[in-house]
Structures are given as C-alpha cells and as structure tokens.
Amino acid sequence: MCGITGSGACGLNNVCSLNSARPTCECPHGFSLFDSNDPRGDRKPDFSPSCDEAYSEDQYDFIELNDIDWPLNDYAHMNPSNGEDCKTSCLKDCFFAVAIYMSDQYWKKRLPLSNGKTDFTPNVKAFLKYRKGDRPPQNPPVFLQENKNQRSLIVVGSALLGISIFVIIVLVINLQTEPLLIDLEAPATAEKLQQTEPPAQREPPVETNLSPQTEPPVVDREPLEQHYDLPPCGKP
Numbered sequence: 001m002c003g004i005t006g007s008g009a010c011g012l013n014n015v016c017s018l019n020s021a022r023p024t025c026e027c028p029h030g031f032s033l034f035d036s037n038d039p040r041g042d043r044k045p046d047f048s049p050s051c052d053e054a055y056s057e058d059q060y061d062f063i064e065l066n067d068i069d070w071p072l073n074d075y076a077h078m079n080p081s082n083g084e085d086c087k088t089s090c091l092k093d094c095f096f097a098v099a100i101y102m103s104d105q106y107w108k109k110r111l112p113l114s115n116g117k118t119d120f121t122p123n124v125k126a127f128l129k130y131r132k133g134d135r136p137p138q139n140p141p142v143f144l145q146e147n148k149n150q151r152s153l154i155v156v157g158s159a160l161l162g163i164s165i166f167v168i169i170v171l172v173i174n175l176q177t178e179p180l181l182i183d184l185e186a187p188a189t190a191e192k193l194q195q196t197e198p199p200a201q202r203e204p205p206v207e208t209n210l211s212p213q214t215e216p217p218v219v220d221r222e223p224l225e226q227h228y229d230l231p232p233c234g235k236p
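Mapped onto full-length UniProt numbering, the consecutive letters of the sequence shown carry residue numbers 1 to 236.
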C-alpha cells in the first residue's frame with residue numbers, strides 16, 4: 001500500500017507507515033493538509049520556497065528524521081559525502097526540500113515529495129528543511145516511535161521463539177539418541193572390560209614331599225627249636 005507509484009497511499013508531502021497491515025498517514029514537520037477533513041490527502045509546505053535574491057541559508061535549518069524515505073524525486077546525488085557536507089550543500093540550495101542520507105552518500109529531493117514511507121534500512125536518515133521561524137518538535141513524531149517499538153517487539157519475539165525452538169529440538173534429539181548410545185556403549189564396555197581384565201592364573205599343583213611308605217625289611221627268622229626234656233626210659 002505504501003509503495004504505490006505516484007503520490008502514494010497518503011498523498012503528496014506525506015509519510016506512510018503500515019499499522020496492522022493498514023496504511024497510516026503522518027504529516028512531516030513544516031507541512032499541513034490542504035483539506036483537514038481528508039487525513040490521507042495532499043499536504044502543502046507552511047512556507048513558500050523561493051529562490052529570489054532574498055533567499056538566505058541562515059533562514060533555514062534541518063530536522064533529522066530516522067527511518068524515513070521519499071524514494072522518488074531525486075534531482076542530485078552526491079557520493080561520497082558525510083552528513084555535515086550534505087547539510088552545508090543543501091542549505092545553499094534553494095530548490096532543496098529534503099535529503100536522504102545513507103552509506104556516505106545522499107540524494108537531494110525537491111517539492112512535491114511523493115511516495116513518502118517509513119524505511120527501516122540501517123542508517124537511513126532524512127534531513128528535512130524547515131524555516132527557523134517554525135520551531136521543530138523536540139521529539140521525533142509519535143508514529144516513528146510506535147514503529148520502532150513494534151519493530152523491537154517483533155525482533156525480541158522472533159529471537160525468543162527461535163531460542164525456544166532450538167532448545168526443543170536439542171531436547172528431542174538427546175531423548176532419541178540416548179537409548180541408542182546406551183545400546184552401543186554396552187557391548188563396547190563389556191568387550192573393553194574383557195580386554196583389560198587380566199587372565200586368570202592357575203595355581204600350580206601343590207607338591208608334597210611325602211615319599212612312598214617303605215615297608216620294614218623282612219627279617220628271616222629261623223624257626224625256634226623247641227627242646228623238650230624227655231624222661232629216661234622205664235621211669236615214669
């Protein structure tokens with residue numbers, strides 16, 4: 001919606017931002033609606049740009065807006081350049097209305113500004129020229145702060161969601177691989193124990209010094225002769 005070619009969804013000299021996928025139109029400082037009843041209509045500058053002899057760069061200054069871009073209406077491009085050189089060059093240019101500064105280069109744009117939108121590309125700045133009699137706001141427009149808060153919430157929420165998903169995946173993987181590791185480690189552990197356990201040593205047989213019992217030597221004994229004294233014959 002905010003990227004429509006031409007005046008855009010919010011008309012000329014406007015800034016379009018998306019809020020819940022719907023375009024919201026905000027008025028940059030130094031501009032006001034042609035028709036106060038049409039918040040998405042065109043806006044006009046509160047001062048009349050002039051390049052006559054009365055123009056003086058001392059009459060103007062810049063308000064710096066972050067994350068805003070008007071991608072069309074470039075009439076000059078300076079590269080390379082720093083922010084201070086950009087401001088000095090733009091103040092001397094009576095045709096200048098806004099400069100977009102990014103990556104050490106800037107683009108000058110003239111009125112009317114078309115297709116204005118929020119742009120969260122890193123380091124994008126808009127230098128909007130205003131007349132010093134019109135005091136700039138002390139704080140950035142509210143819609144920019146809201147968009148930054150929304151972007152911060154989205155970034156934080158996405159980071160927390162990513163961390164939660166990562167932790168869940170790690171837990172699931174650990175639960176699935178733990179039984180398998182136990183099954184694989186059990187045989188290996190048993191085999192390792194068998195390899196490291198010293199072989200059982202057999203005890204040598206106990207040697208006994210008992211010599212076989214020797215039989216006592218056989219002694220040849222002569223039979224004892226028994227002598228009986230017989231009485232003389234004839235005598236009882």
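Ideal placement from N, C-alpha and C gives every residue a C-beta, glycine not left out.
Check: residue i C-beta below 6 Å from any heavy atom of the ligand ATP
i, result
"lysine 117", "The ligand ATP is absent from the structure shown, which contains no ligand whatsoever."
With 16 other Cβ atoms within 10 Å as the buried cut-off, status of residue i
i, result
"leucine 161", "exposed"
"tyrosine 55", "exposed"
"glycine 11", "buried"
"alanine 9", "buried"
"isoleucine 168", "exposed"
"cysteine 51", "exposed"
"isoleucine 100", "buried"
"residue 260", "Nothing can be reported for residue 260, as the shown portion of the chain is limited to 1 through 236."
"cysteine 16", "buried"
"proline 122", "exposed"
"residue 239", "With the chain running from 1 to 236 in the structure shown, residue 239 is simply not present."
"isoleucine 68", "buried"
"phenylalanine 96", "buried"
Per DSSP, the bridge partner or partners of residue i
i, result
"arginine 22", "Asn19"
"lysine 44", "Ser32"
"glutamate 118", "According to the sequence displayed, residue 118 carries threonine and not glutamate. Paired residue(s): Ile68."
"aspartate 74", "Lys109"
Limits of the beta strand (DSSP E) - the one that residue i falls within
i, result
"leucine 65", "60-66"
"lysine 108", "105-109"
"alanine 99", "98-102"
"leucine 128", "125-131"
Beta-carbon proximity check, residue i vs residue j, cutoff 7 Å
i, j, result
"valine 98", "lysine 109", "yes"
"phenylalanine 127", "phenylalanine 62", "yes"
"glycine 116", "tryptophan 70", "yes"
"cysteine 25", "asparagine 14", "yes"
"asparagine 82", "glutamine 105", "no"
"glutamate 57", "lysine 92", "yes"
Spatial distance of residue i from residue j (CA atoms)
i, j, result
"arginine 40", "proline 112", "15 Å"
"aspartate 42", "tyrosine 130", "18 Å"
"cysteine 94", "asparagine 73", "16 Å"
"serine 20", "threonine 177", "44 Å"
"proline 140", "leucine 65", "The pLDDT assigned to proline 140 is 48, lower than 50, so where the model puts this residue is not dependable, and the model offers no usable value."
"isoleucine 114", "tyrosine 60", "It should be noted that the sequence gives serine, not isoleucine, for residue 114. If I take the Cα positions, the gap works out to 22 Å."
"phenylalanine 34", "lysine 44", "6 Å"
"aspartate 46", "isoleucine 154", "36 Å"
"cysteine 86", "histidine 29", "20 Å"
"alanine 76", "leucine 171", "57 Å"
"threonine 88", "isoleucine 165", "51 Å"
"phenylalanine 143", "methionine 102", "Any reading at phenylalanine 143 needs caution, since the residue's pLDDT is 47, under 50, leaving its predicted position unreliable; the model's value is listed next. Those two C-alpha atoms are separated by around 21 Å."
"arginine 22", "glutamate 84", "36 Å"
"proline 49", "leucine 18", "30 Å"
"residue 239", "cysteine 90", "The structure shown does not extend to residue 239, since the chain is modelled only from 1 to 236, so the question has no answer here."
"aspartate 119", "alanine 159", "21 Å"
"leucine 175", "tryptophan 107", "57 Å"
Host alpha helix (DSSP H) of residue i (start-end)
i, result
"leucine 91", "83-91"
CB contact check: residue i to chain C, cutoff 7 Å
i, result
"asparagine 66", "Although the question refers to chain C, the structure presented lacks it and comprises just one protein chain."
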